[in-house]
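Student:
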Amino acid sequence: MRFLSVAERELRAAARQNGLYRLRWITAAGSFALLLWLGWEFRVFQNKGAGPLVFQTFAIVLFVYCLFVGAAGTADCVSRERRDGTLGLLFLTNLNSAGIVAGKLCSNGLALAYSLVATFPIMALPVLIGGVTLGEFWRTVLALLSALVFALASGFVASSVCVRQFPAVALATGLALVLGSGLLGAAEVMRKSGFSPATVETVAMFSPLHTLLSASDRIPISNRQQFWTSLSAVNVLSWMGLGFSAWWMGRTWRDRPKSIRWWRSLDFGHRLRERRRTARLTRRRRLLEVNPFFWLAGRQQVSAPIFMLLTIVLVLLTVNVTAPYFGRIVGGGVVSPLLGHMIAWLFTGLTIHALVLYYAAMVASQRLAEDKQIGALELILSTPLSERSISRGLWLAYARRMFFPALTAMLVHCFFIWQVLMLMVLDPPGKLPLNVTPGQILWSALFEQPLKGQVLDWQFGVILRVIVLTLGGLIASWLMLGWLGRWLGLRMKHPGFAPITAVSLTLVPPALLFSLGCYVGDQSGLSRMPERQLIPLMLWGAVGITFGNCLLLASWAAWRLRCDFRTTITSCHEPRATGSWIRRRRQILARFSVALMALVLMLGLLIGAFFTFQNWQSRRQWAAFQKQLMQRGESLDLSAALPGPVPDGQNFAQSPAFQKFLVRPSADTLLSESLKRSAIDPAAGTGPISITPWMQQKFVQLDQHAAWIDPKFILGSIKDRPTLAATVTDGLKRLQDDLKSVTSATRLPFFQVTTNRTEGDVFESNRMELLVLEQLHFLFQLRACALLAAGRAAEAGEDVLNGLRLATLARQCVDMNSSVRVQFMAGRSLQPVWEGLAMNQWNEPQLAAMQRSLAGFDLLSDHTNAVHRTVRAHIEAWASMAAGQPPRGPVRGVHLRRTDRPWQPDAWLFDNCRQLYQAGQNAIARIDVAAARVDQDYNWSDLNGLSLEGSASQLIQQAPWWGNNFTLVSFAQTSVNQGIIACALERHRLASGAYPNSLDKLKPAFLDQIPRDTSRGLSMFYERKDDNHYVLRGAGVNATIDLKGTPSDDWIWAFTTPTNKPPNPTSGSR
């Protein structure tokens, strides 16, 4: 007989099957569609670095395809011969086991290799895009071919060991997945556990996934040899599997009678076995009376022994390996062990749920498929047993075999929920009330009930609902698989693939529909919804898709079983249907069209009902919220939080000196240039040229300011600081009379730019009056720094006080940037104060006046008032829009347009109002004005999804990592407090000749009380270096004083050597 005659027979049979040819172009078409989707997802034509990402993702998808298709393609090639009784006939010829395995490998692997090779030209397209070399491409091709051979060998091992088709397919798929990717995970665990690199590499090189990952060009050239080593090791492992299959087949192809072991002749436990046999017969007789199919399923005393064994192995691995591993690598402080256990049990739960899904599909499809193959179903149909009785028996058998797997999956799921609740219980103090139990948290989060008077974050409820509803969806899938698996096992030509097909139909369509829904929602603007509304909407959408898919598949399978059960069983004896496919399926197409129209109509009704319900619910909750506020004596009326009109004669904004500056900036070049440099941007700082370099231990760079004051000035032409100061003061002389009149007007008690009391006054932060106020303050502080450099301290002191008075007047502004504006202006005022202290130019009266002016700033109260006004203004605007009314007053520059979210229900704006109110309350609660302390904790989800300008968001959400930025109220107030203490320390030095050893020496002569560090709520940290040097430290981001030897984020006021010295300084900078 010719060599590989088995392969010739199989290939001749396959050549007459149209599926062999379809497989190639279907695989190529699918891979091309995948490449197009990846290119769109990674924006390959806009992102030049997307080529490698597309290539790697495409290669990983092909790798998974090789494992599944390769293992399933050969899982039944030998076992089918054994079941049909033809394996022995092959051995009766001059063939041996190696020839049979080689022939089966050629016949089964060639078609799969053709389908894989058809994808390689498509996989080469990212090489043309760029970022992927030819070497990486060919190494990846070799890795994928090696993975396919490995999967084929896994299928041969399972097919030679097993006789039944379903266990063979399950074992082949499990071997391919565990050895294909699990070895790499085991190697990673071994590496983290302290094993030697050589041992870890030895274990990893037998994994086909390691071979694929090593093919990348991102691997260092020194480690490039790992690819060839792993490729060789995987091929050796594959050929060892094929050799084992040939050896085992040669030993087991004969049907031999079962031998009696010698220990059974001793007859130990005979009485016990007889008793168990009697009980077993009684139980099976009772099952037979219930239903014959139920009796067939009860032959095994243990319903799921293999699943029990796998569960025990997974639990042992989780407890002893993965949980300690994640506990070491996950950073969580004292809760790291619990967090590691939670992550480990998450993966264990997912694995068990995947096994249960596959086991459910296999149990549901196995009985009918095997009975049909041996012809038993045709005999059963000739009995009086009805189809309803058969279905009832199958359901009883399904329930019996699924009892332990389903119970195990639910227990593991509940245990994971308990771990999540325990992590919530162990949250930092303040997140949850004290002495709460996991059960109380679960009840409160699921049903949105207050927990001991405290409302939990909505994220808690969403997380728990996702976990609980996931379990509900899995239970629905188990029930659906009882119908779907039964029909697929009965209908499919190769029923061994029925479990994989059923699981794919369970998971893939919902994932695709959900992804499509997310894409449509994003294109429709739904992604701009607040997360507290978007995430629950996505959750219930996913739940609806999952349950709808289960209902649709279960209904379809049940209907086909009810209508086509007998026809399907006897179809092998009927002639093949003739005529076109459309003519034979006209009735089905008509039914499908009607069902599709009904589905679209139902979907429209559901969307309309959803919008109606959401509007009703939001309005109802808004009414209840307003009622609660009234019961607490609170009001959302904005006008009550705005000041009333003030007399024009006492209003600085109406003074002739100020009005003169309102009309001149556009005509005066000097004023227009100063206006550009004085505008305060809360997001970017103080402008292009800052005059607050004291934060970097520097004096003001006068040459940069001289360049815009005098157009003829050339940067770098003058190095002498007094000469630069003269240039600046001479350039500002033409404004001297106007600034002098402003000096007199700054003593007026009020500053009010408008008498309106609407939300538009809060939103408008760029009014010309406010910009001119910032401009005047800028000019005074700049001139003060120049006068100090020129040695004219008396005039400089008057300018500093004028700037402080302007900053005090700015506290009366009502716009949402009012507090930030004051914080920046106060920070600017500290520059000349600091420079005068550094050069010892201030005298006692000047220092006392500056100290009193700085002590008048209560930035914490200003901040809370600004938050209060901003929140009320947005609530009034949103409530007006939800009621169908336009906002009162202008709202330029603010995201308050109805077209911003055209697809959301109108009444959701009421939900925005409630969310913003709670965010404002949280922001105000973080500031203890009485204790002069700012809590650094924050929660970004407070404002998530709200349409707020950046300045409003920064006002309400103060992040400590902003550092030394005057947008941060804690830094601004700490800096002002340091300035107050510095003035008092200088007064003490002038009086006694040296700085005190402690700040307590300043009381009561120079300070009534020591200003506090707002980050800690304690007195400012003070350290005296010598008679002329000291350090004032305010805690920074970490709210801890960092001394020498550690990286410091402290806010420091110190006298050290400055980086740009003024003339004859006695001490240095900040």
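For the sequence shown, our numbering gives the first residue as 142, with consecutive numbering after it. All C-beta atoms in this analysis are idealised placements derived from N, C-alpha and C, irrespective of residue type, glycine included.
1) Can you name the start and end residues of the beta strand (DSSP E) that Arg-1165 belongs to?
2) Determine the direct distance from the alpha carbon of Ser-1160 to that of Ala-824, and round the result to whole angstroms.
3) For Tyr-660, which three-state DSSP category applies?
4) Could you pull out every residue in the same chain whose Cβ sits closer than 6 angstroms to the Cβ of Ala-200, ignoring the five residues on either side in sequence?
5) Below 7 angstroms CB to CB, which residues in the same chain sit around Ile-830 once its five sequence neighbours on both sides are set aside?
6) Are there three or more Cβ pairs, one per stretch, closer than 8 angstroms when the stretch 323-340 is compared with the stretch 254-262?
7) May I ask you to report which of helix, strand or coil DSSP gives Phe-891?
8) Would you mind working out which of Cys-1124, Gly-1091 and Arg-1157 sits nearest Asp-1069, comparing C-alpha positions?
9) Since Leu-880 contacts Ser-796 with CB under 8 angstroms, what's their CB separation in whole angstroms?
10) Taking the alpha-carbon positions, what's the Glu-149 to Ala-243 distance?
11) State the start and end residues of the unbroken alpha helix (DSSP H) segment that holds Leu-479.
12) Please state whether DSSP places Trp-983 in a helix, a strand or coil.
13) Among the residues of its own chain, which have a CB less than 7 angstroms from the CB of Ser-970, if the five just before and after it don't count?
14) Does the Cβ of Thr-827 have 16 or more other Cβ atoms within 10 Å, making it buried, or fewer, making it exposed?
15) Among Asp-358, Asn-1169, Val-375 and Asn-1138, which residue has its Cα nearest to the Cα of Trp-279?
16) Would you kindly work out how many angstroms separate the C-alpha atoms of Tyr-539 and Ala-445, rounded to a whole number?
17) Based on the DSSP secondary-structure assignment, which residues constitute the bridge partners of Gln-595?
18) Going by DSSP, which residues form a beta bridge with Gly-1175?
19) Assign Ile-1068 to one of three DSSP states: helix, strand, or coil.
20) Would you list the one or two residues that DSSP bridges to Val-1075?
21) Does DSSP put Arg-1153 in a helix, a strand or coil?
22) Cβ of Gly-1086 within 7 angstroms of Cβ of Met-670?
23) When the cut-off is 7 angstroms and only beta carbons count, does Ala-309 lie next to chain C?
24) Do you know offhand how far Ile-263's Cα is from Phe-385's?
25) Should Ser-248 and Leu-152 be called a contact, given that it needs their Cβ atoms to be closer than 7 angstroms?
26) Helix, strand or coil: which one does DSSP assign to His-1170?
27) Report the option in Ala-1073, Pro-574, Pro-973 and Ser-1082 whose CA atom is closest to the CA atom of Ser-1111.
28) For Asn-958, which beta-bridge partners are listed by DSSP?
29) Taking only three categories from DSSP, how would you classify Asn-461?
30) At what residues does the alpha helix (DSSP H) containing Trp-394 begin and finish?
31) Is the Cβ-Cβ distance between Leu-950 and Phe-799 less than 7 angstroms?
32) Quick check on this structure: which residue in Met-346, Asp-512 and Val-504 has the alpha carbon closest to the alpha carbon of Ala-547?
33) With a Cβ-Cβ cutoff of 7 angstroms, do Gln-964 and Leu-1000 count as a contact?
34) Rounded to whole angstroms, what's the CA-CA distance from Gln-1056 to Val-903? Just pull it up for me.
35) Restricting to Cα atoms, I'd like to know which of Leu-770, Ala-356, Leu-1173 and Lys-1144 is closest to Gly-276.
36) Considering only residues of the same chain and omitting the five flanking positions on each side of Ala-239, which have a CB-CB separation below 6 angstroms?
Tutor: So, from the listed chains and residues:
1) As a position in the sequence shown, residue 1165 is number 1024, starting the count at 1. Unbroken beta strand (DSSP E) run through Arg-1165: 1162-1167.
2) For the purposes of this step, residue 824 is taken as the residue at position 683 of the sequence shown. For the purposes of this step, residue 1160 is taken as the residue at position 1019 of the sequence shown. Because the pLDDT at Ala-824 is just 48, under 50, the model does not fix this residue reliably, and the value given afterwards should be weighed accordingly. Their Cα atoms are separated by approximately 30 angstroms.
3) Indexing the sequence shown from 1 puts residue 660 at position 519. In the structure shown, Tyr-660 adopts helical secondary structure according to DSSP, grouped into three states.
4) Taking the sequence shown and counting its residues from 1, the one referred to as residue 200 is at position 59. Result list for Ala-200: Thr-281, in chain order.
5) Position 689 of the sequence shown, counted from the first residue, corresponds to residue 830. Bear in mind that the predicted position of Ile-830 carries a pLDDT of just 47, short of 50, making it unreliable; the figure below should be weighed with that in mind. If we look at Ile-830 and ignore the five residues flanking it on each side, its Cβ neighbours are Arg-818, Gln-845 and His-846.
6) no
7) Position 750 of the sequence shown, counting from 1, holds the residue named residue 891. The answer is strand: DSSP assigns Phe-891 an E or B state.
8) In the sequence shown, the residue the question calls residue 1069 occupies position 928. Comparing Cα-Cα distances from Asp-1069 to each of Cys-1124, Gly-1091 and Arg-1157, the minimum goes to Arg-1157.
9) Working through the sequence shown from its first residue, we reach residue 880 at position 739. Working through the sequence shown from its first residue, we reach residue 796 at position 655. No, Leu-880 and Ser-796 are not in contact; Cβ-Cβ is about 13 angstroms, not under 8 angstroms.
10) The sequence position of residue 149 within the sequence shown is 8, counting from 1. The sequence position of residue 243 within the sequence shown is 102, counting from 1. Taking the straight line from one Cα to the other gives about 11 angstroms.
11) The residue given as residue 479 occupies position 338 in the sequence shown. Looking at the DSSP string, the run of the alpha helix (DSSP H) that includes Leu-479 is 477-514.
12) As a first step, residue 983 must be located in the sequence shown, where it is residue number 842. Note: Trp-983 maps to coil in three-state DSSP.
13) Walking along the sequence shown from the start, residue 970 turns up at place 829. Correct list, in chain order: Gln-922, Val-941, Gly-944, Leu-945 and Ala-948.
14) On the sequence shown, position 686 is the one that residue 827 refers to. Any reading at Thr-827 must be qualified, since the residue scores a pLDDT of 44, below 50, and its modelled position is unreliable; no value is offered.
15) Residue mapping note: residue 279 aligns to position 138 of the sequence shown, counting from 1. Ranking Asp-358, Asn-1169, Val-375 and Asn-1138 by Cα distance to Trp-279 puts Asp-358 first.
16) Counted from its first residue, the sequence shown places residue 539 at position 398. Counted from its first residue, the sequence shown places residue 445 at position 304. Cα to Cα, Tyr-539 sits roughly 11 angstroms from Ala-445.
17) One-based indexing of the sequence shown puts residue 595 at position 454. In the DSSP output, where bridge partners are listed per residue, Gln-595 has Leu-592.
18) Translated into the one-based positions of the sequence shown, residue 1175 becomes position 1034. Answer is Trp-1192.
19) What you label residue 1068 is simply residue 927 of the sequence shown in a count that begins at 1. Ile-1068: strand per DSSP, three-state reduction.
20) Locating residue 1075 in the sequence shown gives position 934, where the first residue counts as 1. Val-1075 is bridged to Ile-1068.
21) Taking the first residue of the sequence shown as 1, we reach residue 1153 at position 1012. Looking at Arg-1153 - three-state DSSP - the assignment turns out to be strand.
22) Taking the first residue of the sequence shown as position 1, residue 1086 is located at position 945. Taking the first residue of the sequence shown as position 1, residue 670 is located at position 529. It is a contact, given that the beta carbons lie within the stated cut-off.
23) Included in the structure is just one protein chain, with no chain C present.
24) What you label residue 263 is simply residue 122 of the sequence shown in a count that begins at 1. What you label residue 385 is simply residue 244 of the sequence shown in a count that begins at 1. Each residue's alpha carbon lies about 36 angstroms from the other.
25) As a first step, residue 248 must be located in the sequence shown, where it is residue number 107. As a first step, residue 152 must be located in the sequence shown, where it is residue number 11. In contact: Ser-248 and Leu-152 (Cβ atoms closer than 7 angstroms).
26) As a position in the sequence shown, residue 1170 is number 1029, starting the count at 1. Correct three-state label for His-1170: strand.
27) Here residue 1111 corresponds to residue number 970 of the sequence shown, with the count starting at 1. Taking only the C-alpha atoms, the option nearest Ser-1111 is Ala-1073.
28) Here residue 958 corresponds to residue number 817 of the sequence shown, with the count starting at 1. In the DSSP output, where bridge partners are listed per residue, Asn-958 has none listed.
29) Numbered from its first residue, the sequence shown carries residue 461 at position 320. Assigned with DSSP and collapsed to three states, Asn-461 falls in helix.
30) Residue mapping note: residue 394 aligns to position 253 of the sequence shown, counting from 1. That residue, Trp-394, is in no alpha helix (DSSP H); it is neither H nor E in DSSP.
31) Residue 950 sits at position 809 when you count from the first residue of the sequence shown. Residue 799 sits at position 658 when you count from the first residue of the sequence shown. With respect to Phe-799, Leu-950 sits apart: the two C-beta atoms are not nearer than 7 angstroms.
32) Residue mapping note: residue 547 aligns to position 406 of the sequence shown, counting from 1. The shortest C-alpha separation from Ala-547 is found at Val-504.
33) Translated into positions along the sequence shown, residue 964 becomes position 823. Translated into positions along the sequence shown, residue 1000 becomes position 859. Against a cut-off of 7 angstroms, the Cβ pair of Leu-1000 and Gln-964 comes out as a contact.
34) The residue you call residue 1056 lines up with position 915 of the sequence shown. The residue you call residue 903 lines up with position 762 of the sequence shown. Cα to Cα, the separation comes out at about 19 angstroms.
35) Taking the sequence shown and counting its residues from 1, the one referred to as residue 276 is at position 135. Cα-wise, what sits closest to Gly-276 is Ala-356.
36) The sequence position of residue 239 within the sequence shown is 98, counting from 1. Excluding residues within five positions, the ones whose Cβ falls inside 6 angstroms are Ala-387.
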